[in-house]
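Counting the sequence shown from 1 gives a position; the numbering used here is that position plus 21.
Here the structure is laid out as structure tokens; the discussion comes afterwards.
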Amino acid sequence: MAINTNYLEQEMRNFRIYWLLLFWRPVISEEAVPYPVILIPGDGGSQIEAKLSKENVVHYICSKKSDYFSLWLNLELLVPIVIDCWVDNMRLYYDNVSRTTSNSPGVEIRVPGFGDTLTVEWLDPSKASPGAYFNKIADSLALLGLERNFTIRGIPYDFRKAPNENIDLFSNLKNIIEETADRTGKPVVIVAHSMGAPNSLYFLNKQTSGWKKKYIKSLVTLAGCWGGTVKALKVFAQGDNLGVSVLSEATLREEQRSNPSLAWLMPSKHFWAIDEPLVKTANKSYGVGSYEEFFKDINYPDGYDMWLDTKDLIPDLSPPDVEVHCLYGTGIETVESLFYSKDLPFGKAKLLTTLDGDGTVNLRSLEGCKRWIGKQRDPVYTRELMGRDHMAVLADPVVLAYINALVTGIDPNTVIGLETNEIN
Numbered sequence: 022m023a024i025n026t027n028y029l030e031q032e033m034r035n036f037r038i039y040w041l042l043l044f045w046r047p048v049i050s051e052e053a054v055p056y057p058v059i060l061i062p063g064d065g066g067s068q069i070e071a072k073l074s075k076e077n078v079v080h081y082i083c084s085k086k087s088d089y090f091s092l093w094l095n096l097e098l099l100v101p102i103v104i105d106c107w108v109d110n111m112r113l114y115y116d117n118v119s120r121t122t123s124n125s126p127g128v129e130i131r132v133p134g135f136g137d138t139l140t141v142e143w144l145d146p147s148k149a150s151p152g153a154y155f156n157k158i159a160d161s162l163a164l165l166g167l168e169r170n171f172t173i174r175g176i177p178y179d180f181r182k183a184p185n186e187n188i189d190l191f192s193n194l195k196n197i198i199e200e201t202a203d204r205t206g207k208p209v210v211i212v213a214h215s216m217g218a219p220n221s222l223y224f225l226n227k228q229t230s231g232w233k234k235k236y237i238k239s240l241v242t243l244a245g246c247w248g249g250t251v252k253a254l255k256v257f258a259q260g261d262n263l264g265v266s267v268l269s270e271a272t273l274r275e276e277q278r279s280n281p282s283l284a285w286l287m288p289s290k291h292f293w294a295i296d297e298p299l300v301k302t303a304n305k306s307y308g309v310g311s312y313e314e315f316f317k318d319i320n321y322p323d324g325y326d327m328w329l330d331t332k333d334l335i336p337d338l339s340p341p342d343v344e345v346h347c348l349y350g351t352g353i354e355t356v357e358s359l360f361y362s363k364d365l366p367f368g369k370a371k372l373l374t375t376l377d378g379d380g381t382v383n384l385r386s387l388e389g390c391k392r393w394i395g396k397q398r399d400p401v402y403t404r405e406l407m408g409r410d411h412m413a414v415l416a417d418p419v420v421l422a423y424i425n426a427l428v429t430g431i432d433p434n435t436v437i438g439l440e441t442n443e444i445n
């Protein structure tokens with residue numbers, strides 16, 4: 022087997038970068054006051070709690086009444102049979118008249134810890150390793166002298182919903198940014214992962230240039246899903262078992278497809294050609310121009326309505342008008358299209374993949390931030406991380422070093438010597 026010497030050289034370089042910045046930390050901490058950081062998670066990146074007062078349940082083992090308990094991420098609930106209770110408690114119901122969703126009857130939902138970091142560092146309150154999320158980034162920032170819940174702030178939210186239903190999120194986010202910046206006398210660095218990236222863009226596009234100049238130092242996006250992902254179509258059609266083989270995709274699909282945020286993450290016509298086949302069956306082909314037919318054929322017309330509600334939330338991917346650092350992995354097998362041997366909604370798809378992506382988001386979507394180069398006054402930097410998957414970027418040594426340099430006022434592109442796309 023041939024050895025990719027370029028890849029090995031890059032890995033050794035990354036290793037040297039990490040240790041170089043690690044040893045610089047004491048110097049950085051003494052000579053510079055770091056910029057405060059706002060952590061904005063992606064889909065599934067916040068804890069969710071539920072309180073039950075139900076008249077009916079889907080299975081006799083399901084609870085009808087409870088005080089608030091951990092609903093997401095609670096590994097004890099993601100097991101066969103019990104998963105039916107979880108799906109019924111977690112799912113949303115769509116009203117195509119009000120164009121909004123509501124919780125399952127008898128279920129109250131709350132998102133704990135707004136402004137704190139714990140509920141975005143660990144998705145499982147028990148801190149079980151499968152629930153690790155922003156913890157490595159928070160640990161790394163704390164070593165620089167930043168303080169959790171004071172100069173490192175977490176922004177958990179109801180990730181089931183798209184921005185059009187998360188109005189309070191953005192007003193509260195603005196308050197947290199202003200409070201944190203005014204408290205420290207320095208603008209903030211926003212670090213956003215996955216769906217947190219387009220959420221951040223949606224927020225920034227609604228702020229004035231003067232406000233952004235005063236309160237935002239830069240936007241750092243990790244694995245940003247700028248133009249959607251083909252994986253969303255797979256989840257709508259057959260579900261996703263979250264990597265747990267004993268769980269039924271069809272069972273989980275009932276909760277997953279009820280989330281407007283999933284419709285928001287469908288492939289965009291601004292990134293995929295209208296006639297490009299994304300889903301094929303023995304008799305039909307579906308692309309970004311045939312979503313109405315796709316949802317009709319999978320017997321989920323609400324999905325089309327949710328897509329109509331969300332498709333134009335950031336229609337032209339307008340630049341955020343702040344300094345951008347856009348980092349993402351690639352070289353990981355990622356779904357490019359789906360093939361079903363039978364007509365929808367029967368069976369499981371043969372997943373046609375390429376290495377153009379991070380395992381979750383397609384490369385063309387990940388690099389959507391490149392479209393801002395030359396389109397705004399502030400610089401735009403992009404960085405591909407070969408071999409890093411969608412979640413691995415959150416704990417990658419180069420990513421940690423990059424963020425550390427940035428928040429201490431050092432240009433990470435100069436320090437690390439990255440090859441970047443940049444404007445002045």
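Note that beta-carbon positions come from the ideal geometry of N, C-alpha and C, so glycine has one too.
Keep in mind it's a predicted model, so treat the numbers as computed, not measured.
{"Asked": "Inter-residue Cα distance where the pair is D342 and L329", "Found": "27 Å"}
{"Asked": "CB contact flag (S147, W247, <8 Å)", "Found": "no"}
{"Asked": "Whether S339 touches N226 by CB criterion (8 Å)", "Found": "yes"}
{"Asked": "K371: first and last residue of the uninterrupted beta strand (DSSP E) it sits in", "Found": "K371 to T375"}
{"Asked": "Reduced DSSP secondary structure (H/G/I, E/B, other) of G260", "Found": "coil"}
{"Asked": "Complete alpha helix (DSSP H) runs within the region 309–361 (minimum length 4 residues, chain order)", "Found": "312–318 and 322–331"}
{"Asked": "Pairwise C-alpha distance: V54 and Q277", "Found": "43 Å"}
{"Asked": "Whole-number beta carbon distance between T302 and K363, since they are thought to touch under 8 Å", "Found": "7 Å"}
{"Asked": "Burial state of N170, where buried means 16 or more other Cβ atoms lie within 10 Å", "Found": "exposed"}
{"Asked": "Candidates V209, V241, L222 and T242, of which the one nearest A234 by Cα", "Found": "At residue 234 the sequence reads Lys, which differs from the Ala that was named. Closest option to K234, Cα to Cα, is V209."}
{"Asked": "Helix, strand or coil at A213 according to DSSP, with G and I counted as helix", "Found": "strand"}
{"Asked": "Beta strand (DSSP E) segment containing V58, residue limits", "Found": "V58 to I61"}
{"Asked": "Neighbourhood of E129 by C-beta distance below 6 Å, restricted to the same chain and skipping five residues each side", "Found": "K72"}
{"Asked": "Contacts around K290, its chain only, beta-carbon distance under 6 Å, and the 5 residues preceding and following it disregarded", "Found": "V309"}
{"Asked": "Residue interval of the alpha helix (DSSP H) (run including G231)", "Found": "S230 to Y236"}
{"Asked": "D179, buried or exposed, once every other Cβ within 10 Å from all chains shown has been counted against 16", "Found": "buried"}
{"Asked": "Through-space distance from S306 to P298, alpha-carbon basis", "Found": "6 Å"}
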